[in-house]
Every structure is written in C-alpha cells, then in structure tokens.
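Q:
Protein chains: 2
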Amino acid sequence: MVPAVANRRAADELRVFRRDAGVSMTELCRAIYAEHGDSVSVQNETIAVANLARIVDATLAIANRKGFAAMSLRDLARRTGLSLGGLYAYFQSKDELVAVIQRQGQRQIEQVLRRQVDQHVTARARLDEAIRAHVLLSEILRPWFVFLYMEARHLGQAERRQAVAMEEATEEIFAAIIREGQADGSFRDTDALAAAAMLKAVLQDWYLKHGKHGRRGQTAAGYARAVQELATRYLAPTPMEEITV
Amino acid sequence: MVPAVANRRAADELRVFRRDAGVSMTELCRAIYAEHGDSVSVQNETIAVANLARIVDATLAIANRKGFAAMSLRDLARRTGLSLGGLYAYFQSKDELVAVIQRQGQRQIEQVLRRQVDQHVTARARLDEAIRAHVLLSEILRPWFVFLYMEARHLGQAERRQAVAMEEATEEIFAAIIREGQADGSFRDTDALAAAAMLKAVLQDWYLKHGKHGRRGQTAAGYARAVQELATRYLAPTPMEEITV
DNA sequence: ATTCATCTATCGAACGTTCGTCCGATATTG
DNA sequence: CAATATCGGACGAACGTTCGATAGATGAAT
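In order, the protein sequence lines correspond to chains F and E.
Mapping of the first sequence onto this note's numbering: residues 1 to 245, in sequence order.
Mapping of the second sequence onto this note's numbering: residues 1001 to 1245, in sequence order.
Next up, the structure:
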C-alpha cells in the first residue's frame, strides 16, 4: 500500500472514530455547563456553551505553549475576544478554570475508553481496542490530553489526588484486560500492572511528542497499530508455554 | 531471591553506577561555574559552587512541584537562605537560570550515556547498557531529568530548538544500536527509529512517574531489567527469519 | 601586633510592571 | 422597560530586578 493511500485510510479511521465516540469540544463544554452551571452566570445555554468552548480552546492553546501559570487572563481575553470582566461570567477564578478542565477531561476520557473496550469480547480484541481508542481519542482531544498531563500540578491537594487516582484507573483498564488474557492463556504470565504501565507510557508519547511523530509522517491509526504490535510481541506466550497448554 | 535481597542488590548496582559514572550535583554545578563563570560575580570557587548547588537544588525542587513559572525568586531566596539580591550574584535573570540548568543537564546526560554505551561491543550488550544507564542516570539526577522535560517551554526559541535536537540525538543513540543489531541479524527488521522512540517513552516514564513506581516497590535496576526484556521481546527475530539466516 | 584601607559577598528596601480580581457603566435583547 | 450579557478601568498584591548599604575577610603599613 503506497503511503498516500495509507494516510487516507488512517484519516478515514480517525473520522469514523470521531463520529462513533461522539466526542468534540462543543460536547465537552456542554457537559461543563451542565455540571458547573452555578459557576457560570450566563443563563442562555447556546451563548454560554459557545463562549465556554472559546475559553477552553484558548486556554488549552496558550497553556500548552507556555504553561498555565504563565498564561495571563489578559492573554485569554485577547484570544477569546472577551473582556477581562466578561471572562469572569464563566468561571470564579483562574484556579477554578484549570480544575474544571481537568475534571471534565478525565471523566470523558475514562468514559469513552470503557465504552469502546466493552464492545469487544476476547482479551486480544479488547486490548487492541483499548490501544486504538486511546491513540485516536488523544488525537482528537490532543490539547486536552496534554493539558491534563502537564498542568495537574496546579490543582489543589484533593483534586490532585483525584487526578492521580483517575490516571491509575485508566492504567487498571489495561491491566485488567491483560489479566483476562493471561487467565485464558492468550498472554504469557508476567506482571500485568507493569506491562500496562509500559503500554501507557508509549500511548502518552503519542500526544506529548506530537510534533516529533508528525515530522516523521506517523498517523494516529498507524501509531496505534505499532503499539498493538508491541503489546502482541511483549505478551505473546513463549513457545514452551504454548506447548504445555 | 527474596525481595529484600533483590532490593539490596539493586541499591548496590545504583551505588556502583553513581561512582563509575561520576555524576553528582556538585560536579554538575562545578561545570556550570566553569562555563558560565562570567554570569557569576562571585570569585571564590568553593563558595560559588556550594551556593550554585543550593540554588540549583532548590530550583529543581520547587519547580518540579509547582512549575518554574509559578516559582518566585522569593520562594528561591527562602529555600536557599540567600537574599533576593544575593541570588543575583549567581545568575543574570530568572530566564538565564532555567537556560543554564537546561543546557548543562542536556550536555552531561548525553555525555554519560555515550560513554557508558561505548564500553560494550555487541548490539545486544550496547542496547542493554543504554537502557540500564538511562534508568540509573535518571534515578540519580531525577529532579534534573524532570526539569528538562517539563520546563523546556520556558526557553527562548533558539535554545528550545537546541533542546529538541539534543533529545532526538539521545533517541538516535538507541536507533543506531538497533540498526547495528539488525545488520548483524540479532534484531528483526523493523523501523529502528520508531522502536527507539517507544523505548524512550518507557524510559522517560521511570522519572516522570517516580511516585507511582516507588509505590509499587519498583527499583531502578529492576525497572531497567524490565525495559531490557521489553526490548528483547520486541526486537527478537521471528522464528522464520532465524531459520532463513 | 595593631590599624586601616580595600575588596568581596551578601543584604533588604524600593521601583516599575504585571498579575488576578472586582464593580459600576454600557450595550443588547425580548 | 426590565433583564441579561459584556465591558474596561481601577485596586491591592506580588512579581522580577536594581542598588546603595553593610558585615566580614584580606593584606599592607605602621
């Protein structure tokens, strides 16, 4: 398959996933409005969601370039087109802004991941889908993923603990699938949690080093397949075990 | 081997590496003084290096907890015991401080890594040593590694480019070893740069998620062996290829 | 041995700027 | 006209940075 065709197929796969998973900036911001409505003084939902999307979008863009701490609300006002005072109709403080984005991002990611995995039965298929969904989802919501990773330290202690717990829960999704595969003999016997941690590290590299992968012509779907192959080879039963089973 | 014994051996391996590699906070700060002496107005080398070490140590500690941008020079003064004015005898600006730490860290890491790898001959041994050296070195200089990763965005454009180049050079060390192994048939034929990138992602996880690994009782030497096994299995020639060679 | 002048390293108050936040005024809408 | 959404100037706090003062060490002269 020539590269051009491969790239088009990869783009198709991403488009299909985006539609099926039903995640988008607007959708996430609607969830924020529904849940943190008391922090938003704007009554009209259409207006509120649209402005929230602009605020979140700008926050992610600026914070991912120079860090959330270095982003001033004047930066944010300029980029969103709102005024300083206008911004405060949508959050109570700068700290609350980071907390809201963190919480809603975590929740949605975990939700989508579980929903996708649960569409498959065998451990092999579930692991492949978990990998694929993670890469494609982090491609669609890349700024959001990067923000979750890089700006968790700006959270208060309680919310920070929550963020760590949520991340380990994601890792546990992978570990559980690996244990299933070990139980039915399709994966070799090794520390499932450690294997999950290594897979997760590779998956995170996709969005944390986006520039590098892009420069090398890697696509999201292609990267997912590479990680699936890594998992397959790492977890493949050794020949002797295959015989004894 | 019972865990307690394994942990002691792992600690021994780390101690030996620290001595052989000859890296330490004081040594790195001596290098900073030697190279950026014109930025340091203090003449007495003993005093200068000792204070530089306290400044760098405090900077890494504070910045890794709440981010370099959120660290004020008043925080730094309190932690080092120096005054605001006193700090400025050791660097010209806050921006220069981050740049100096970045540059010196990059240089030393690359140097040690190459020196360690060059002590071995076969591709297998060189890859294992590259992995081992990376994990152990990042264990010794963990705050420094974390700072390099998390605070690269505070650099100016030119120095930022330099940081990216240096990181890709580290990755290229791994890629080159993999290509050597592919040439002599000890590794299977696959994209060497992509394989190196995935290995690097797993290696970075060691210092970026230090708390998690610690909680799970993982040691540096133990983690190195786990990554070596990952590499071995991922790069192992497939049975058919073994036969045809 | 003591004095005094010089140099060195450090200090901390002060400066101008920018920050997050607030609030009375204004524009828009039904 | 009432309700809503947005505006932008103003405020105190905190920021990075500067600089004249100071304490301690050093060394030459008495």
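Just so you know, even glycine gets a beta-carbon here, dropped at the ideal spot from N, CA and C.
Measure from the alpha carbon of Met1198/E to the alpha carbon of each residue in Ala1183/E, Ala1070/E and Thr1170/E, then state which is nearest.
A: Thr1170/E
Q: Tell me which residue opens and which closes the alpha helix (DSSP H) that Tyr149/F is part of.
A: Arg142 to Met150
Q: Is the beta carbon of Val1098/E less than 9 Å from the beta carbon of His1154/E?
A: A contact, by the Cβ cut-off of 9 Å.
Q: Going along the chain, which residues of its own chain have a beta-carbon closer than 7 Å to the beta-carbon of Phe1091/E, five neighbours each way excluded?
A: Ser1039, Leu1097 and Val1100
Q: Measure the C-alpha to C-alpha separation of Ala1176/E and Ala1221/E and round it to an integer number of angstroms.
A: 24 Å
Q: Check for me: the alpha helix (DSSP H) holding Lys94/F runs from which residue to which?
A: Taken as a continuous stretch (DSSP letters only), the alpha helix (DSSP H) holding Lys94/F covers Lys94 to Val117.
Q: In chain order, what residues of the same chain lie with their CB nearer than 8 Å to the CB of Asn64/F, ignoring the 5 residues before and after it?
A: Pro143, Val146, Phe147 and Met150
Q: Is there a Cβ from chain F that is less than 9 Å from the Cβ of Ala1201/E?
A: Yes - at least one Cβ of chain F is within 9 Å of the one on Ala1201/E.
Q: Short of 8 Å in beta carbon distance, which residues of its chain neighbour Gln1119/E, apart from the five on each side in sequence? Order them along the chain.
A: Glu1129
Q: Would you call Gln181/F buried or exposed, if buried means 16 or more other Cβ atoms sit within 10 Å of its Cβ?
A: In the sequence as displayed, the identity of residue 181/F is Gly instead of Gln. Flag for Gly181/F reads buried.
Q: Would the segment 204 to 218 of chain F count as touching the segment 1193 to 1208 of chain E if we require 3 or more Cβ pairs under 8 Å?
A: yes
Q: Taking Leu193/F as the query, report the chain E residues whose CB atoms sit under 8 Å from its CB, ordered along the chain.
A: Arg1216
Q: Note down, in chain order, every chain E residue with its Cβ under 9 Å from the Cβ of Gly185/F.
A: Residues of chain E with a Cβ closer than 9 Å to the Cβ of Gly185/F do not exist, since the nearest Cβ in that chain sits about 18 Å away.
Q: Per DSSP, what kind of secondary structure is Tyr223/F in: helix, strand or coil?
A: helix
Q: With distance defined between alpha-carbon atoms, name the residue in Asp184/F, His134/F, Ala50/F and Thr46/F nearest to Leu14/F.
A: His134/F
Q: Taking the Cβ atom as the reference point for each residue, do Ile1178/E and Val1117/E lie within a distance shorter than 9 Å?
A: no
Q: Does any C-beta atom of chain E lie closer than 9 Å to the C-beta of Tyr33/F?
A: No, because no Cβ of chain E sits closer than 9 Å to the Cβ of Tyr33/F.
Q: DSSP three-state label for Gln1157/E, please.
A: helix
Q: Is it buried or exposed, Val1005/E, if we count other Cβ atoms within 10 angstroms and call 16 or more buried?
A: Classification for Val1005/E: exposed.
Q: Can the beta-carbon of Tyr207/F be found closer than 9 Å to that of Glu159/F?
A: no
Q: Please confirm whether Phe187/F and Leu230/F have their CB atoms less than 9 Å apart.
A: no
Q: With a threshold of 9 Å between beta-carbons, can Val56/F be considered close to chain E, or not?
A: no
Q: For Leu1087/E, I'd like the list of residues in its chain whose CB is within less than 8 Å of its CB, leaving aside the five on either flank, ordered along the chain.
A: Ile1055, Leu1073, Leu1076, Ala1077 and Thr1080
Q: Round the Cβ separation of Leu1203/E and Val1227/E to the nearest angstrom and send it over; I've been treating them as touching at under 8 Å.
A: 6 Å
Q: According to DSSP, simplified to helix, strand and coil, what is Ala125/F?
A: helix
Q: Answer yes or no: does any C-beta atom of chain F fall closer than 9 Å to that of Gly1081/E?
A: no
Q: Quick one: grab the DSSP three-state call for Thr190/F.
A: Of the three classes helix, strand and coil, the one that applies to Thr190/F here is coil, per DSSP.
Q: How about Lys1066/E: is its C-beta nearer than 9 Å to some C-beta of chain F?
A: yes
Q: Just to make sure I have the definition right: I need the residues of chain F whose C-beta is within less than 7 Å of the C-beta of Tyr1234/E. Which are they?
A: Leu230, Arg233 and Tyr234
Q: Between Gln104/F and Leu28/F, how many whole angstroms is the CB-CB distance? I'm expecting something under 8 Å.
A: 6 Å
Q: Given that Met166/F touches chain E, what residues does it touch there, using C-beta distances under 9 Å?
A: One finds nothing in chain E with a Cβ atom closer than 9 Å to the Cβ of Met166/F; even the nearest lies about 13 Å away.
Q: Determine the burial state of Glu241/F: buried for a count of at least 16 other Cβ atoms within 10 Å of its Cβ, exposed for fewer.
A: With a pLDDT of 49 at Glu241/F, under the threshold of 50, the predicted position of this residue should be treated as unreliable, though the coordinate-derived value follows. Exposed is the call here.
Q: Using CA atoms only, rank isn't needed, just tell me which of Ala125/F, Gly156/F, Ala89/F and Asp184/F is closest to Ile47/F.
A: Ala89/F
Q: Between Arg153/F and chain E, is the shortest Cβ-Cβ distance under 9 Å, so that the two count as touching?
A: For Arg153/F, the answer is yes, since a Cβ of chain E falls inside 9 Å of its Cβ.
Q: Quick one: does Ala1197/E have its CB under 9 Å from some CB of chain F?
A: Yes, Ala1197/E counts as interfacial toward chain F.
Q: Using 10 angstroms around the beta-carbon of Val1016/E, count the other beta-carbons present and answer buried if the total reaches 16, otherwise exposed.
A: exposed
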